[in-house]
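Going by the working numbering, 321 is the number at position 304 of the sequence shown; the sequence numbering is gapless.
All C-beta atoms, glycine included, are put in the ideal place defined by N, C-alpha and C.
Keep in mind that this is a model prediction, so the values were computed, not measured.
So the structure is just underneath, and the comments pick up after that.
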Amino acid sequence: MARRIPAATAAWQTDTPGSVSRICRCPQFQVRTEDTVPQNSDAKLKSLQPETPPVIISAFADEAANSKSVVEQFAVLAALGLEYYSPRFLNISGEVKNIMKLDKAELKTLKSLQDDYGLKVTSIGSPIGKVKLLDVDDGTHNRFVPFAKYLKEDVATAIERAKALDARLIRGFSFYHPRGTDPAPHVPQAAEQLTAIAEKCAQADVVFALEVEANLIGQNGRLMAELARRVNRPNFICIFDGGNISSQNLDPVRCLAEFQAMRKYLGYLHIKDYRIDPNLEWTGVVDEERLKNFVPCDRGDSGHEAIFRDLRDNLPAIDKKMKKLGLPGVFLELEPHLKGGGQFGGFSGPDGLGVACRALCRLLDYVGLDYQLRTFDHIRRARGF
């Protein structure tokens, strides 16, 4: 007889000798059914295990904390059962700073705290690439930095952060083309600069991950694929973000098409969703007014169910690529912006991040994608037995 149990987190859990329980891993009350299996029945256990590798749930930690306090960020992530995070905005010594602005002492403190909370870094959540491609006045406040200087200073700083925190990935972007112009003609120059960034990262044994985002040259899957094709470096991968696509007034069918267009170069996904407001006229630019409509990944117009089904079918190959790069697998990184978003980040609060995490777990369970959250076994290992 099925019974309700709380906070199930393991894919398989043995409760009594001779029984194996299949448990939905959502951190909420679920229904469990038990399959009794003879002890030492390896063949039976193997047949019950998922055929595809699990995904790894991660989060931008600053989404969780009202004050951006690192302790608050890490406490929320640990309570949700996450083991990976990306640092972006942090309050370590009384002042909120971007990860790029931390001094050596703050980086040392951050590394110590992440170890204390059993966390590892998914990527350095840098703003690399969120600068103008050309030094022209286009009515925006985006800054221009001569590329040689940018490579020597900003990119080098991001690499230093990665090394200090034992991170293999740096997240970045594809440069701002002049507002109001077609991004396609700017692809060659952007690809040339991204190639230089990837090569500098490769010298430090770091992987550069390019995120799709509105208003930038790589604003859809097709442009991202062309950038990646031109860069053509093994340590260069792409990040899909459904919310960054649907916020451009694109419906679920188009979002799936953009995902498929860049899938060949995909490394992992950011999990964000957006509900299109029919009252907002589409002008070709995502402005602050549009950044109020983010929702959990099972409620928006990105069509994550179809995207996850496509991901499930292609996950073994993507997982293999990531592991070849020295990474643990394919991340699904929560960046939900449920309480608001902006050009350089967003906020969900501890409650909002919990809502977003549970929505993701529900959808993964529904489409049959496996994942892991912390279990009692993690606690036991942390205690040394």
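Paired residues, beta bridge with residue i - DSSP
{"i": "ASN108", "result": "SER86, VAL113"}
{"i": "LEU349", "result": "ILE74, LEU286"}
{"i": "LYS147", "result": "Note: LYS147 sits in no beta bridge, so no partner."}
{"i": "LYS337", "result": "None; LYS337 has no bridge partner."}
{"i": "CYS255", "result": "LEU227, LEU283"}
{"i": "SER140", "result": "BP columns for SER140 are empty, so no partner."}
{"i": "VAL312", "result": "ASP290"}
{"i": "GLY363", "result": "GLY358"}
Counted within 10 angstroms of its Cβ, other Cβ atoms place residue i as buried (16 or more) or exposed
{"i": "GLN220", "result": "exposed"}
{"i": "PHE393", "result": "exposed"}
{"i": "VAL399", "result": "Looking at the sequence shown, residue 399 is not Val but Ala. Classification for ALA399: exposed."}
{"i": "GLU306", "result": "exposed"}
{"i": "GLY111", "result": "exposed"}
{"i": "PHE402", "result": "exposed"}
{"i": "HIS158", "result": "exposed"}
{"i": "LEU397", "result": "In the sequence as displayed, the identity of residue 397 is Arg instead of Leu. Classification for ARG397: exposed."}
{"i": "THR53", "result": "In this prediction, THR53 scores a pLDDT of 38, lower than 50, which makes its location untrustworthy; no coordinate-derived value is stated."}
{"i": "LYS85", "result": "buried"}
{"i": "PRO200", "result": "buried"}
{"i": "ARG178", "result": "buried"}
{"i": "LYS289", "result": "buried"}
{"i": "ASP171", "result": "buried"}
{"i": "ARG391", "result": "buried"}
{"i": "TYR388", "result": "buried"}
{"i": "ASN83", "result": "exposed"}
{"i": "LEU151", "result": "exposed"}
{"i": "LEU332", "result": "buried"}
{"i": "LYS147", "result": "buried"}
{"i": "ALA173", "result": "exposed"}
{"i": "PRO353", "result": "buried"}
{"i": "LEU297", "result": "exposed"}
{"i": "ALA175", "result": "buried"}
{"i": "GLY189", "result": "buried"}
{"i": "GLY411", "result": "Here the chain comprises residues numbered 18 to 402, so residue 411 is not present and cannot be evaluated."}
{"i": "GLY369", "result": "buried"}
{"i": "GLY294", "result": "Gly is not the amino acid found at residue 294; the sequence shown has Asp there. Per the 10 Å Cβ criterion, exposed."}
{"i": "TYR336", "result": "According to the sequence as given, residue 336 is Asp; it is not Tyr. Classification of ASP336: buried, given that the 10 Å Cβ count is 16 or more."}
{"i": "GLU68", "result": "exposed"}
{"i": "ALA165", "result": "exposed"}
Boundaries of the alpha helix (DSSP H) in which residue i is found, first to last residue
{"i": "GLU209", "result": "204-220"}
{"i": "ILE262", "result": "259-263"}
{"i": "TYR167", "result": "164-167"}
{"i": "TYR383", "result": "366-384"}
{"i": "LEU355", "result": "Taken as a continuous stretch (DSSP letters only), LEU355 belongs to no alpha helix (DSSP H), as it is neither H nor E."}
{"i": "LEU244", "result": "238-248"}
{"i": "LYS180", "result": "173-181"}
{"i": "HIS395", "result": "393-400"}
Whether residue i touches residue j by CB criterion (8 Å)
{"i": "ALA242", "j": "PHE253", "result": "no"}
{"i": "PHE106", "j": "GLY362", "result": "yes"}
{"i": "LEU211", "j": "ILE256", "result": "no"}
{"i": "ALA184", "j": "SER140", "result": "yes"}
{"i": "LEU380", "j": "CYS314", "result": "yes"}
{"i": "ILE187", "j": "ALA207", "result": "no"}
{"i": "PRO104", "j": "ALA78", "result": "yes"}
{"i": "ALA215", "j": "ARG250", "result": "yes"}
{"i": "LYS149", "j": "PHE161", "result": "yes"}
{"i": "PRO269", "j": "ALA231", "result": "no"}
{"i": "LEU182", "j": "VAL138", "result": "yes"}
{"i": "SER319", "j": "GLY259", "result": "yes"}
{"i": "SER129", "j": "GLU350", "result": "no"}
{"i": "LYS356", "j": "PHE348", "result": "no"}
{"i": "LEU136", "j": "TYR101", "result": "yes"}
{"i": "VAL87", "j": "ILE109", "result": "yes"}
{"i": "MET279", "j": "GLY343", "result": "no"}
{"i": "ILE262", "j": "VAL229", "result": "yes"}
{"i": "PRO367", "j": "VAL93", "result": "yes"}
{"i": "ASP154", "j": "GLY197", "result": "no"}
{"i": "LYS340", "j": "GLY346", "result": "yes"}
{"i": "VAL384", "j": "ARG326", "result": "yes"}
{"i": "ASN310", "j": "ARG329", "result": "no"}
Beta strand (DSSP E) segment containing residue i, residue limits
{"i": "LEU127", "result": "LEU127 -> not in any beta strand (DSSP E); alpha helix (DSSP H) instead, spanning 121-133."}
{"i": "ARG188", "result": "186-189"}
{"i": "PHE225", "result": "224-228"}
{"i": "SER103", "result": "101-103"}
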